[in-house]
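S.K.: Throughout the sequence shown, residue numbering follows mature numbering (1 follows the signal peptide of the UniProt record, and there is no 0), covering -35 to -1, 1 to 338 in sequence. Each residue gets a CB set at the ideal place from its N, CA and C atoms; glycine is no exception. The structure displayed is predicted, hence computed values, not measured ones.
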Amino acid sequence: MRRCSTVGIPSKTQMRHLTMIFFLLTIQAPVTGRAKVPLNKKIEIKALLEFGITQRRIATDLGVSKKCVYNVSKKLKKNLPLSNAPGQCRKKASTPIDDRNFLRLCKKYRTESSRILSSELMLSNGKHFSARTVRRRLLDMGYKSYQAKKKPLRTPGHKKQRLLFAREHQYWSQEWNNIIWSDEAHFEVLNRKNRTFVRRLRSESDQPFNFIPKVQGGGGSISVWGCMAGGARGPLVIYSGKVNGPAYVKIIEEALPSFIENAFDSSNKNWMFMQDNAPPHRSKYTMEWLQDKGIKVMKWPASSPDLNPIENLWDHIDKKLTQMKPTNITQLEQMIQTIWSGITCLQCKTLVDSMPRRINLCNNCLGGTFSKY
């Protein structure tokens, strides 16, 4: 009897392996298309082909497929452009309807991350998109993520006062030069208000240069009072401790009258003194002292540091301190005095000249908050 040959017939183990391979092939992710090869890469391929380099070598060196090199060669022979025809790149994961949903959720949840927006979209229509896809689509529509600015909380009453102030002074121009702008500021030895950026590799996150020392109390601090007028830098007074009416008068009693005498002609009676609505400024003791000295006080809307141009000088000082890096209170005081002395009359004049723009912005937002200044 002749025995049947079993050559070519798979065993039970091989059949199980083949079944598993077939199952994996059937559940693999659908092909979404190939990423397009950039035009500059095709220009490199063209140059190498013209030098006589083989297609296999070009594909290996440039990290592209041999099919890509062959297609470039074919286009060159037919004198066709190397750029991709419309529709040849990978299709978008989202449809125009999905993109509108991204935009709708972005406007509804302005402060949420792209991951949260992706989850919200999943809950609303059952479609899943990665956080990266959400970010890219929003960037394509011009919606970039910005750091939120910290601004004073303003009640409807504050907004009404600001709008009234802006409308009363909307036609002022040279009149702003007759205002003495004043304010207080607080500076610490170590803790800076301005952000510091570090250029580094991703792997260098734990290196010492990534960290800024921060201690409770800022390593010591000082407070300053300063003033300026249109084209004139005023005195800077350094003080410490809590401030009430008598303490505030003690700070300004010598500096303010002497600055007024030097900054304005005796014939000029149109000047006014600007101060915010801090309790020491509004105290009975302070108001009586100002009245006795014949100092006219400008009516100022509450919660309006963005309308006071001298605020920009404090930011200027803080940026300079970030570069100079004081290590103790003595150095901090000396550096602040040096920076203040270096502020030019032109800088003061430029800040005062910004008042019409500030007033216009305040008018446009109906007394609310505006981002500039």
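Taking a contact to mean a Cβ-Cβ separation below 7 Å, would you say V154 touches L331 in this structure?
M.R.: no
S.K.: So what's C327 in DSSP terms, helix, strand or just coil?
M.R.: helix
S.K.: Return the Cβ separation of residue 387 and G195 in integer angstroms, given the expectation that the two are a contact with Cβ distance under 8 Å.
M.R.: For residue 387 there is no data in the structure shown, the boundaries of the chain being -35 and 338.
S.K.: Among the residues of its own chain, which have a CB less than 8 Å from the CB of Q172, if the five just before and after it don't count?
M.R.: R165
S.K.: Terminal residues of the continuous alpha helix (DSSP H) containing Y204?
M.R.: Per DSSP, Y204 belongs to no alpha helix (DSSP H); it is in the beta strand (DSSP E), 197 to 204.
S.K.: Start and end of the alpha helix (DSSP H) containing E226?
M.R.: Following the DSSP letters along the chain, one finds E226 inside the alpha helix (DSSP H) bounded by residues 220 to 228.
S.K.: Would L41 and K7 qualify as a contact pair, given that the criterion is a beta-carbon distance under 7 Å?
M.R.: no
S.K.: When you compare only the Cα positions, how much space is there between N273 and Y204?
M.R.: 21 Å
S.K.: Look at the alpha carbon of L4 and the alpha carbon of D105, and state the distance between them as a whole number of angstroms.
M.R.: Computed Cα separation, rounded: 21 Å.
S.K.: To which residues does DSSP link F191 through a beta bridge?
M.R.: The sequence shown places Gly at residue 191, not Phe. Its beta-bridge partners are D148, L201.
S.K.: Within 10 Å of its beta-carbon, does R102 have 16 or more other beta-carbons around it, so buried, or fewer, so exposed?
M.R.: buried
S.K.: So within the segment 240 to 291, which uninterrupted alpha helix (DSSP H) runs reach at least 4 residues, ignoring any that extend past its ends?
M.R.: 244 to 247, 249 to 257, 276 to 289
S.K.: Identify, in the order they occur along the chain, each residue of the same chain with its Cβ nearer than 8 Å to the Cβ of N328, setting aside the five sequence neighbours on each side.
M.R.: If we look at N328 and ignore the five residues flanking it on each side, its Cβ neighbours are L128, A131, R132, Q135.
S.K.: For P266 and F229, I'd like the C-alpha separation in whole angstroms.
M.R.: Those two C-alpha atoms are separated by around 25 Å.
S.K.: Are there 16 or more other CB atoms within 10 angstroms of the CB of P211, so buried, or fewer, so exposed?
M.R.: exposed
S.K.: For S186, does the three-state DSSP call read helix, strand or coil?
M.R.: S186: strand per DSSP, three-state reduction.
S.K.: Using a threshold of 7 Å, state whether the C-beta atoms of I304 and K285 are closer than that.
M.R.: In this structure, I304 places its C-beta atom within 7 Å of the C-beta atom of K285.
S.K.: Assuming V317 contacts W141 (C-beta within less than 8 Å), just tell me the rounded distance between them.
M.R.: That belief holds up - the Cβ atoms of V317 and W141 are roughly 5 Å apart, short of 8 Å.
S.K.: Can you pull the DSSP bridge partners for F238?
M.R.: I145, V262
S.K.: Relative to the C-alpha of K1, which residue among N49, A12, A24, N36 is closest?
M.R.: Nearest option by C-alpha distance: N49.
S.K.: For R93, which residues of its own chain have a beta-carbon under 7 Å away from its beta-carbon, when the five flanking residues on both sides are left out?
M.R.: According to the sequence provided, residue 93 is His. The question's Arg does not apply to it. Once the five neighbours on either side are set aside, the close Cβ partners of H93 are M87.
S.K.: May I ask which residues mark the beginning and end of the alpha helix (DSSP H) holding L4?
M.R.: 4 to 15
S.K.: Going by other Cβ atoms of all chains shown within 10 Å of its Cβ, with 16 needed for buried, is C313 buried or exposed?
M.R.: buried
S.K.: What does a CB cutoff of less than 8 Å around T76 pick up in its chain, not counting 5 residues either side in sequence?
M.R.: A113
S.K.: Would you list the one or two residues that DSSP bridges to T153?
M.R.: According to the sequence as given, residue 153 is Glu; it is not Thr. E153 pairs with S186.
S.K.: According to DSSP, simplified to helix, strand and coil, what is L118?
M.R.: coil
S.K.: Quick one: using the 10 Å Cβ neighbour count with 16 as the cut-off for buried, is M320 buried or exposed?
M.R.: By the beta-carbon neighbour count (other beta carbons within 10 angstroms, threshold 16), M320 is buried.
S.K.: Span of the alpha helix (DSSP H) holding residue 341?
M.R.: Residue 341 lies beyond the residue range present for the chain, which begins at -35 and ends at 338; the question has no answer from this structure.
S.K.: Which value, in whole angstroms, describes the spacing of the CA atoms of Q299 and I217?
M.R.: Going from the Cα of Q299 to the Cα of I217 covers about 20 Å.
S.K.: Which residues mark the beginning and the end of the alpha helix (DSSP H) in which I81 is found?
M.R.: Per DSSP, the continuous alpha helix (DSSP H) segment holding I81 begins and ends at 79 to 90.
S.K.: Taking its Cβ as the centre, do 16 or more other Cβ atoms sit within 10 Å of A150, making it buried, or is it exposed?
M.R.: Under the 10 Å beta carbon count, A150 is surrounded by 16 or more other beta carbons and is classified as buried.
S.K.: Would DSSP call S306 helix, strand or coil?
M.R.: helix
S.K.: Does the distance from the CB of G333 to the CB of K124 come in under 7 Å?
M.R.: In contact: G333 and K124 (Cβ atoms closer than 7 Å).
S.K.: If the criterion is Cβ atoms closer than 7 Å, does the pair V262 and F238 meet it?
M.R.: Yes, the pair counts as a contact, with Cβ atoms nearer than the cut-off.
S.K.: What's the gap between the Cα of K11 and the Cα of G28?
M.R.: 15 Å
S.K.: Is the distance from the Cβ of T251 to the Cβ of V214 below 7 Å?
M.R.: Contact flag set, yes.
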